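Undergrad: This note's numbering applies: residue 360 is where the sequence shown begins, and numbers increase by one.
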Amino acid sequence: MKNLDIYQLYEKLSEEEKQIWETTHRFVEKEFLPQITHHHREETFPIELIPKLGEMGFLGPQIPEEYGGQNLGSRAYGLIMQELERGDSGLRSFASVQGALVMYPIWRYGSEEQKKKWLPLLASGQKIGCFGLTEPDHGSNPNGMTTRAQKSEHGYTLNGNKMWITNGSIADIAVIWAKLDGEIRGFLVEKGTPGFKATTMKGKFSLRASITSELNLSECVVSSENILPNLPEGQGLKAPLSCLSQARYGIAWGAIGSALATFHCALEYAQNRIQFGKPIAQHQIIQARLAEMASDITHAQLMAFQLAELKDKKVHPTQVSLAKRNNVKMAIETARSARTILGGNGIMDEYPIMRHLMNLETVLTYEGTHDIHTLILGQHITGLNAFS
Ligand code: TGC
Ligand code: FAD
Numbered sequence: 360m361k362n363l364d365i366y367q368l369y370e371k372l373s374e375e376e377k378q379i380w381e382t383t384h385r386f387v388e389k390e391f392l393p394q395i396t397h398h399h400r401e402e403t404f405p406i407e408l409i410p411k412l413g414e415m416g417f418l419g420p421q422i423p424e425e426y427g428g429q430n431l432g433s434r435a436y437g438l439i440m441q442e443l444e445r446g447d448s449g450l451r452s453f454a455s456v457q458g459a460l461v462m463y464p465i466w467r468y469g470s471e472e473q474k475k476k477w478l479p480l481l482a483s484g485q486k487i488g489c490f491g492l493t494e495p496d497h498g499s500n501p502n503g504m505t506t507r508a509q510k511s512e513h514g515y516t517l518n519g520n521k522m523w524i525t526n527g528s529i530a531d532i533a534v535i536w537a538k539l540d541g542e543i544r545g546f547l548v549e550k551g552t553p554g555f556k557a558t559t560m561k562g563k564f565s566l567r568a569s570i571t572s573e574l575n576l577s578e579c580v581v582s583s584e585n586i587l588p589n590l591p592e593g594q595g596l597k598a599p600l601s602c603l604s605q606a607r608y609g610i611a612w613g614a615i616g617s618a619l620a621t622f623h624c625a626l627e628y629a630q631n632r633i634q635f636g637k638p639i640a641q642h643q644i645i646q647a648r649l650a651e652m653a654s655d656i657t658h659a660q661l662m663a664f665q666l667a668e669l670k671d672k673k674v675h676p677t678q679v680s681l682a683k684r685n686n687v688k689m690a691i692e693t694a695r696s697a698r699t700i701l702g703g704n705g706i707m708d709e710y711p712i713m714r715h716l717m718n719l720e721t722v723l724t725y726e727g728t729h730d731i732h733t734l735i736l737g738q739h740i741t742g743l744n745a746f747s
C-alpha cells in the first residue's frame with residue numbers, strides 16, 4: 360500500500376488497526392476504484408456496494424457490538440475514513456452520514472426500541488439513513504431553522520424543507536431536526552410516510568458520485584415513538600452539533616486519504632514524465648511542490664493522530680474544528696498542486712486528481728464551512744463570539 364509516513368506515525372498502530380487499515384485500502388482498490396469514473400460521470404452512487412460496506416464494518420464502527428457496531432477506537436475509525444476518502448469523498452460521505460449522522464444520534468439520543476430496531480439494519484447496510492439539518496435559508500446558521508413539529512393526536516406533525524441532504528432520496532430513514540415549541544428536537548421519518556418527499560438534486564460539479572437531495576415535509580405525521588426521546592431539555596442545537604463533531608472528526612482523517620491519492624498520482628507522474636531531457640521530478644520547482652505537499656500531509660497526519668487520542672478521552676468541539684479546517688484546506692491545496700504537476704493531463708478523468716479537487720470544494724463547505732471553523736477558532740482564542 361502506498362503511504363507517506365515521514366514521522367513514522369503509522370508504526371504506532373496496533374495489529375488490529377493495521378489490519379483494519381489494510382483491509383479497507385484493499386476493498387477500495389478492488390471493489391470501488393474500478394467503478395468510480397463511471398459513477399462520477401453519471402452522477403450516481405454504487406448502491407450495490409452498500410451491503411458490502413456494512414459487511415466490511417465501515418458503517419458505524421464506533422457503535423457498540425450489541426447494536427451491530429464494532430466498538431472501535433477513534434484511530435481505527437479514522438483510518439477507515441482515510442481509506443474510503445482515498446477512493447472518493449462521496450464514498451466517505453456515505454459512511455459518515457450513515458455512521459456519524461444517523462447511527463450516532465439514534466444510539467446517543469434514541470430509545471432502546473429505536474436502537475434495537477434501526478442500528479443493526481443500518482450497520483449492515485440493509486437500511487440507509489440521511490440527516491436533515493440544513494434548510495434552503497439556513498445553512499451555516501441551523502439555529503434559525505423554520506422546520507416545525509407540532510404535537511398532534513397521532514404523534515407529531517412536521518412541516519418544512521431541508522436541502523443538500525446526502526443520501527436523501529435513497530434513504531429508508533431520515534433523522535429530521537425540527538423545532539417543537541421553540542426547542543430543536545430530532546425525529547425519525549421513515550420512507551413512504553405520507554407528506555414526506557425526497558427529490559434528487561442534479562447538476563453538481565462536486566461530489567458527483569454521491570446522492571444529494573431536497574426533502575419536503577408537508578403535514579407529515581410521525582408517531583410518538585419516532586421522536587428521539589433522550590435529548591435533555593434545553594439542549595437546543597447541541598444535539599445535532601454533537602453529531603457533526605463525529606462526522607467532522609471523520610473528515611479530518613478522510614482529507615488525508617484524498618491528499619494521499621493526489622500526492623502519489625503526482626509523484627508517479629513526475630517520475631515518468633520527461634521534459635527538457637529529464638524527468639520533471641528532477642526539476643527543482645516540481646521537487647519544491649512535492650516537498651510542500653509532503654510537509655502539509657505530515658502536519659495533517661500529526662493532527663489526526665493526536666485528535667484520535669483526545670477523542671478516546673475527551674475532545675472539545677474546537678479541537679475537531681481545528682483539524683477539519685486545516686486538513687481539508689491541506690487536501691485542496693495538495694490537489695491543486697498535483698493538478699499543476701500533471702499539466703494538461705491533470706484535467707482528465709483518467710487520473711483521480713480533478714475529481715478529488717472538485718469533491719473537496721464540497722468538503723470545504725459542508726460540516727461547517729472553512730470560514731465558520733475559522734470563527735469557531737476565533738471565538739476560542741479571543742473569547743468573543745463573531746456569530747452574535
Ligand atoms: P452555539 O451557541 O455556539 O452552540 C450551542 C451549544 O452547542 C454547543 N456546541 C457543540 N456541542 C457539541 N458539538 C459541537 N460541535 C458543538 N458546537 C457547539 C455549545 O457549546 C453550546 O452549548 P451551551 O451548553 O453553551 O448551550 O450555537 P450557535 O447557534 O451560535 O452556532 C454556532 C455555529 C455557527 C458554530 C454552528 O451553528 C455551526 O457549527 N454551524 C455550521 C453548520 C453545519 O456544520 N452544518 C452541517 C450540516 S450536516 C452536513 O453538512 C453533512 S455533510 C454530509 C457528510 O458528512 O458527508
Ligand atoms: P451559507 O451558510 O449561506 O454560507 C455562504 C457563505 O457565507 C459561506 O462562504 C459561509 O462561510 C459564509 N458565511 C455564513 N455565515 C457567516 C458568518 N457568520 N461570518 C462569515 N461568513 C459567513 N446538510 C445536511 O444537513 N445534511 C447533509 O447530509 C448535507 N450534505 C451535503 C452535501 C453536499 C454536496 C453539500 C454541498 C452540502 C451538504 N449539506 C448537508 C449542507 C452543508 O452543511 C451546507 O451547505 C453548509 O453548512 C453551508 O451552508 P450554505 O450552503 O447554506 O451556505
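We treat Cβ as the ideally placed atom computed from N, Cα and C, and that holds for glycine. Computed from a prediction, not measured in an experiment: that's the story for all the values here.
#1: Measuring alpha carbon to alpha carbon, tell me which of V581, T516, G613 and I379 ends up nearest I656.
#2: Run the CB neighbour count on P495, radius 10 Å, all protein chains shown included, and call it buried at 16 or more, exposed below.
#3: Assuming G705 is part of the alpha helix (DSSP H), what are its boundary residues?
#4: Around the C-beta of Q678, are 16 or more other C-beta atoms found within 10 angstroms, so that it is buried, or is it exposed?
#5: What's the gap between the Cα of K474 and the Cα of Y426?
#6: Look up L547 in the DSSP assignment and give the residues it is bridged to.
#7: Any contact between the segment 438-450 and the segment 383-403? By contact I mean 3 or more CB pairs, one from each, below 8 angstroms.
#8: Which one of N518, T621, L450 and Q421 has the shortest CA to CA distance from P711?
#9: When the Cα atoms are used, what is the spatial distance from I409 to G742?
#10: Decide if N430 is buried, meaning its Cβ has at least 16 other Cβ atoms within 10 Å, or exposed.
#11: Assuming P588 contacts S696 under a Cβ cut-off of 8 angstroms, what Cβ separation, rounded to an integer in Å, is found between them?
#12: What is the DSSP secondary structure of R507, reduced to helix, strand or coil?
#13: Taking buried to mean at least 16 other C-beta atoms within 10 Å of its own C-beta, is H715 buried or exposed?
#14: Identify whether M522 lies in helix, strand or coil by the three-state DSSP scheme.
#15: To the nearest angstrom, report how far apart D671 and S433 are at their CA atoms.
#16: Is the beta carbon of P501 sitting closer than 8 angstroms to the one on P393?
#17: Quick one: any contact between the segment 401-416 and the segment 448-458, if contact means 3 or more CB pairs under 8 angstroms?
#18: Considering only residues of the same chain and omitting the five flanking positions on each side of E381, which have a CB-CB separation below 7 angstroms?
#19: By alpha-carbon positions, which one of K597, I645 and G498 ends up nearest to G727?
#20: Do you know offhand how far M462's Cα is from T733's?
#21: Please state if the CB of L368 and the CB of L418 are separated by a distance shorter than 8 angstroms.
#22: Have a look at C564 and L438 and give me their C-alpha separation to the nearest angstrom.
#23: When you compare the segment 577-591 with the segment 513-526, are there three or more beta-carbon pairs, one atom per stretch, that lie closer than 8 angstroms?
TA: The answer reads as follows:
#1: As a first step, residue 656 is located in the sequence shown; it is residue number 297 there, counting from the start. Out of V581, T516, G613 and I379, the CA that lies nearest to the CA of I656 is found in G613.
#2: Here residue 495 corresponds to residue number 136 of the sequence shown, with the count starting at 1. P495 comes out exposed.
#3: Working through the sequence shown from its first residue, we reach residue 705 at position 346. Taken as a continuous stretch (DSSP letters only), G705 belongs to no alpha helix (DSSP H), as it is neither H nor E.
#4: As a position in the sequence shown, residue 678 is number 319, starting the count at 1. Q678 is buried by the Cβ-count criterion.
#5: Against the sequence shown, residue 474 aligns to sequence position 115. Against the sequence shown, residue 426 aligns to sequence position 67. Approximately 7 angstroms between the Cα atoms of the pair.
#6: As a first step, residue 547 must be located in the sequence shown, where it is residue number 188. The beta-bridge partner set that DSSP reports for L547 consists of V534.
#7: Output reads yes: the segment 383-403 touches the segment 438-450.
#8: Position 352 of the sequence shown, counting from 1, holds the residue named residue 711. Selection N518, T621, L450 and Q421 evaluated against P711 yields T621 as nearest (Cα-Cα).
#9: Numbered from 1 along the sequence shown, position 50 holds the residue referred to as residue 409. Numbered from 1 along the sequence shown, position 383 holds the residue referred to as residue 742. Going from the Cα of I409 to the Cα of G742 covers about 44 angstroms.
#10: For the purposes of this step, residue 430 is taken as residue 71 along the sequence shown, with counting starting at 1. Exposed.
#11: Translated into the one-based positions of the sequence shown, residue 588 becomes position 229. Translated into the one-based positions of the sequence shown, residue 696 becomes position 337. No, P588 and S696 are not in contact; Cβ-Cβ is about 49 angstroms, not under 8 angstroms.
#12: On the sequence shown, position 148 is the one that residue 507 refers to. The answer is strand: DSSP assigns R507 an E or B state.
#13: Locating residue 715 in the sequence shown gives position 356, counting from the first residue. Sixteen is the threshold: when 16 or more other Cβ atoms of the shown chains lie within 10 Å of the Cβ of H715, as they do, the residue is buried.
#14: Residue mapping note: residue 522 aligns to position 163 of the sequence shown, counting from 1. Three-state DSSP puts M522 in a strand.
#15: By 1-based counting over the sequence shown, the position of residue 671 is 312. By 1-based counting over the sequence shown, the position of residue 433 is 74. For D671 and S433, the distance between alpha carbons rounds to 6 angstroms.
#16: As a working note, residue 501 is residue 142 in the sequence shown. As a working note, residue 393 is residue 34 in the sequence shown. No, the Cβ-Cβ distance between P501 and P393 is not below 8 angstroms.
#17: Result yes; three or more Cβ-Cβ pairs closer than 8 angstroms.
#18: For the purposes of this step, residue 381 is taken as residue 22 along the sequence shown, with counting starting at 1. Contacts found: M360.
#19: Along the sequence shown, one-based indexing puts residue 727 at 368. The candidate whose alpha carbon is nearest that of G727 is G498.
#20: Stepping through the sequence shown from its first residue, residue 462 is reached at position 103. Stepping through the sequence shown from its first residue, residue 733 is reached at position 374. Taking the straight line joining both Cα atoms gives about 28 angstroms.
#21: Counting from one through the sequence shown, the residue named residue 418 turns up at place 59. Counting from one through the sequence shown, the residue named residue 368 turns up at place 9. The criterion of a C-beta distance shorter than 8 angstroms is not satisfied by L418 and L368.
#22: Residue mapping note: residue 564 aligns to position 205 of the sequence shown, counting from 1. Residue mapping note: residue 438 aligns to position 79 of the sequence shown, counting from 1. For the sequence presented, residue 564 should be read as Phe rather than Cys. In a straight line, the C-alpha of F564 is about 27 angstroms away from that of L438.
#23: Under the Cβ criterion (8 angstroms, minimum of three pairs), the segment 577-591 counts as touching the segment 513-526.
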